[in-house]
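Protein chains in written order, with full-length UniProt numbering: chain A, 1 to 189; chain B, 1 to 189.
Heads up, the beta-carbon is just placed ideally off N, CA and C, and yes, glycines get one too.
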DNA sequence: AACACTATACCGTCCGGTCGGTACAGTGCG
DNA sequence: CGCACTGTACCGACCGGACGGTATAGTGTT
């Protein structure tokens, strides 16, 4: 075994991966167990029920979200830049957990929905504080949501290379929204 | 019986409603039949399989989308105004069908995904034609997507009354993005 | 009778969950 | 040391119910 508590993480990874790749329907206990290289009994040893598995994933997301929150506040390029850019940064553990939980939220899983709403709210307040105008902040948040919608539903909208250019372009457009100050990180002053 | 061909529509409505309210998982044949006030046998008389039911819903969406497309091109307030406003106009048959199909697309239903992408593409080209700058068009499309993401996942973001005001505010903010020409034929002043 | 449709019984499969069991690493103690 | 026992990690057969789907008998209208 690679690491002591790796089985739990492997199961969570498998669950997440199945949710992202094939949706809630396909993320059955058997499928998760198989993907994690564990037997069904083994899975249920670590997570006593499917609800427990879901809770485990949500907790994981919350942990990532807390870390992201700190990084966001410390982002040198400003909050807007940070939030927009990380909206499509596929492959990070945080993004994957977020998309997986959003699949869950499409069902009627209440906790998944509220957790997602909380993460979103945190972003929006941070942007509002950075940008000043709450209406502008909402517009920017909606762009971020749209970015997620696209990567979640349609699977990105370009290759990684073209995406970076597209991101710069998008941020340049968005900079027009902030009336005050220059299109910069809204430095302190 | 109310109307001759109402059974089919009622079934589609029920399927749609279940998808929106409780996700793909809950939209089983039994549940759909019960919600439509039809027996399971009755449901399967109209739709030979669950795939046929899904196809029926997608066809319905395509019909609505075609009608919407025409309305959009003829919209007096301009394409942007039309697309943004209809993004949260909950309750219209078109919106409901769209959200229902997007639930399907969260699973691995390929046709649902491509249909959604087609609708989105149609909007984006229309906006691009109206606005000029493709980068601005994409930003606006992302806001529309974000609006859908919100109404889909988090369930709107305000009451109907406050939403109209919020919409006006949002459109005013978005008007700043179009550098050329006036902020659109809307409201003016 | 023919047709459009409904209702129910049923089938095989899959799903979430239980349960009995295995392997093994301790650990306290005589 | 040897032995009894405990806890942790895991396996896989199995169960009841739900699922998608079939088959068929029945009903009301024309």
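Please compile the residues from chain A whose C-beta is within a distance smaller than 8 Å of the C-beta of residue 106 of chain B. Reading the second chain from its first residue, position 106 is the one you call residue 106 of chain B. By Cβ distance, chain A contributes 23, 24, 103, 106, 152, 153.
Closest Cβ-Cβ distance between residue 149 of chain A and chain B: below 7 Å? In the first chain, the residue the question calls residue 149 of chain A occupies position 149. With 7 Å as the cut-off, residue 149 of chain A counts as an interface residue toward chain B.
In chain B, which residues lie less than 9 Å from residue 144 of chain A when you measure between Cβ atoms? In the first chain, residue 144 of chain A corresponds to position 144, counting from 1. Under the 9 Å cutoff, chain B gives 142, 146.
Unbroken alpha helix (DSSP H) runs of length 4 or more, entirely within the UniProt domain "HTH tetR-type" (5-65) of chain B: which are they? 6-22, 29-36, 40-46
Between residue 58 of chain A and residue 36 of chain A, how many whole angstroms is the CB-CB distance? I'm expecting something under 8 Å. The residue you call residue 58 of chain A lines up with position 58 of the first chain. The residue you call residue 36 of chain A lines up with position 36 of the first chain. So it is not a contact: roughly 18 Å between Cβ atoms.
Using a cut-off of 9 Å between C-beta atoms, extract the partners of residue 170 of chain A located in chain B. Indexing the first chain from 1 puts residue 170 of chain A at position 170. The contacting residues are 135, 138, 139, 142.
Kindly list, in the order they appear in chain B, the residues whose Cβ is closer than 7 Å to that of residue 173 of chain A. Working through the first chain from its first residue, we reach residue 173 of chain A at position 173. Those are 135, 136, 139, 177, listed as they occur along chain B.
Just to confirm my understanding: we take residue 29 of chain B, look at its own chain, exclude 5 residues before and 5 after, and list those with CB closer than 7 Å. What are they? Residue numbering aside, residue 29 of chain B sits at position 29 when the second chain is read from its first letter. Cβ within range, chain order: 40, 43, 50.
How should residue 114 of chain A be labelled, buried or exposed, when 16 other C-beta atoms within 10 angstroms of its C-beta is the threshold for buried? Here the question's residue 114 of chain A lines up with position 114 in the first chain. Classification of residue 114 of chain A: exposed, given that the 10 Å Cβ count is below 16.
Own chain, CB closer than 6 Å to residue 99 of chain B, minus 5 neighbours either side, in chain order: Here the question's residue 99 of chain B lines up with position 99 in the second chain. Cβ neighbours of residue 99 of chain B beyond the five flanking positions: 20, 152.
What does the alpha-carbon distance come out to for the pair residue 94 of chain A and residue 9 of chain B? If you number the first chain from 1, residue 94 of chain A lands on position 94. If you number the second chain from 1, residue 9 of chain B lands on position 9. So the alpha carbons of these two residues sit roughly 42 Å apart.
Using 7 Å as the limit for Cβ to Cβ distance, is residue 159 of chain A near chain B? By 1-based counting over the first chain, the position of residue 159 of chain A is 159. With a pLDDT of 47 at residue 159 of chain A, under the threshold of 50, the predicted position of this residue should be treated as unreliable, though the coordinate-derived value follows. Not closer than 7 Å to any Cβ of chain B, the Cβ of residue 159 of chain A fails to qualify, so no.
What number of angstroms, rounded off, separates the C-alpha of residue 148 of chain A from the C-alpha of residue 38 of chain B? In the first chain, residue 148 of chain A corresponds to position 148, counting from 1. In the second chain, residue 38 of chain B corresponds to position 38, counting from 1. Near 38 Å, if we compare the C-alpha coordinates of residue 38 of chain B and residue 148 of chain A.
In chain order, which alpha helix (DSSP H) runs of at least 4 residues are fully inside the segment 82-168 of chain A? 93-106, 110-131, 134-149
Quick check: what's the CA-CA separation for residue 131 of chain B versus residue 73 of chain B? Position 131 of the second chain, counted from the first residue, corresponds to residue 131 of chain B. Position 73 of the second chain, counted from the first residue, corresponds to residue 73 of chain B. Taking the straight line from one Cα to the other gives about 13 Å.
For residue 205 of chain A, count the other beta carbons within 10 Å of its own beta carbon; 16 or more makes it buried, fewer makes it exposed. Which is it? The structure shown has nothing for residue 205 of chain A, since chain A only spans 1 to 189.
What did DSSP end up calling residue 176 of chain B once you bin it into helix, strand or coil? The residue labelled residue 176 of chain B in the question sits at position 176 within the second chain. Coil.
Three CB pairs or more closer than 8 Å across the segment 102-122 of chain A and the segment 110-124 of chain B: no
Hey, out of B:18, B:34, B:68, whose CA is closest to residue 119 of chain B's CA? Mapped onto the second chain, residue 119 of chain B falls at position 119. Closest by alpha carbon: B:68.
Tell me the DSSP secondary structure of residue 2 of chain A in three-state form. Locating residue 2 of chain A in the first chain gives position 2, counting from the first residue. Any answer about residue 2 of chain A is weak, because its pLDDT of 38 lies below 50 and its placement is not dependable; what the coordinates show is given next. Residue 2 of chain A: coil per DSSP, three-state reduction.
Taking the Cβ atom as the reference point for each residue, do residue 23 of chain B and residue 142 of chain A lie within a distance shorter than 7 Å? Within the second chain, residue 23 of chain B is the residue found at index 23, counting from 1. Within the first chain, residue 142 of chain A is the residue found at index 142, counting from 1. Not a contact, by the Cβ cut-off of 7 Å.
Might you give, ordered along the chain, the residues of its own chain that have their beta carbon closer than 7 Å to the beta carbon of residue 199 of chain B, omitting 5 neighbours on each side? Since the first and last residues shown for chain B are 1 and 189, residue 199 of chain B lies out of range.
From residue 144 of chain A to residue 45 of chain B, what does the alpha carbon distance come to, in whole angstroms? Taking the first residue of the first chain as 1, we reach residue 144 of chain A at position 144. Taking the first residue of the second chain as 1, we reach residue 45 of chain B at position 45. Spanning the two alpha carbons is a distance of roughly 44 Å.
Starting from the C-beta of residue 85 of chain B, find all residues in its chain whose C-beta is less than 7 Å away, skip the five residues before and the five after it, and write them out in chain order. One-based indexing of the second chain puts residue 85 of chain B at position 85. Excluding residues within five positions, the ones whose Cβ falls inside 7 Å are 167.
Return the chain-ordered list of same chain residues with a C-beta closer than 8 Å to the C-beta of residue 135 of chain A, the five sequence neighbours on each side being excluded. Numbered from 1 along the first chain, position 135 holds the residue referred to as residue 135 of chain A. Result list for residue 135 of chain A: empty, nothing under 8 Å.
DSSP state of residue 77 of chain A mapped onto helix, strand, coil: Within the first chain, the letter at position 77 stands for residue 77 of chain A. DSSP places residue 77 of chain A in coil when its eight states are reduced to three.
Among residues of its own chain, excluding the 5 on either side of residue 172 of chain A, which ones have a beta-carbon nearer than 6 Å to its beta-carbon? As a first step, residue 172 of chain A must be located in the first chain, where it is residue number 172. Same-chain partners within the cutoff: there are none.
Apart from the five residues just before and just after residue 16 of chain B, which ones in its own chain have a Cβ nearer than 7 Å to its Cβ? Taking the first residue of the second chain as 1, we reach residue 16 of chain B at position 16. Excluding sequence neighbours, residue 16 of chain B sits near 57, 96, 97, 100.
Can you round the beta-carbon distance between residue 127 of chain A and residue 174 of chain A to whole angstroms, since I take them to be within the 8 Å contact cut? Numbered from its first residue, the first chain carries residue 127 of chain A at position 127. Numbered from its first residue, the first chain carries residue 174 of chain A at position 174. 11 Å between Cβ atoms; not a contact.
Cα-Cα separation between residue 80 of chain A and residue 178 of chain B, rounded to whole angstroms: What you label residue 80 of chain A is simply residue 80 of the first chain in a count that begins at 1. What you label residue 178 of chain B is simply residue 178 of the second chain in a count that begins at 1. Distance between the alpha carbons of residue 80 of chain A and residue 178 of chain B: 20 Å.
Answer yes or no: do residue 107 of chain B and residue 25 of chain A have a C-beta to C-beta separation smaller than 7 Å? As a first step, residue 107 of chain B is located in the second chain; it is residue number 107 there, counting from the start. As a first step, residue 25 of chain A is located in the first chain; it is residue number 25 there, counting from the start. Contact: yes.
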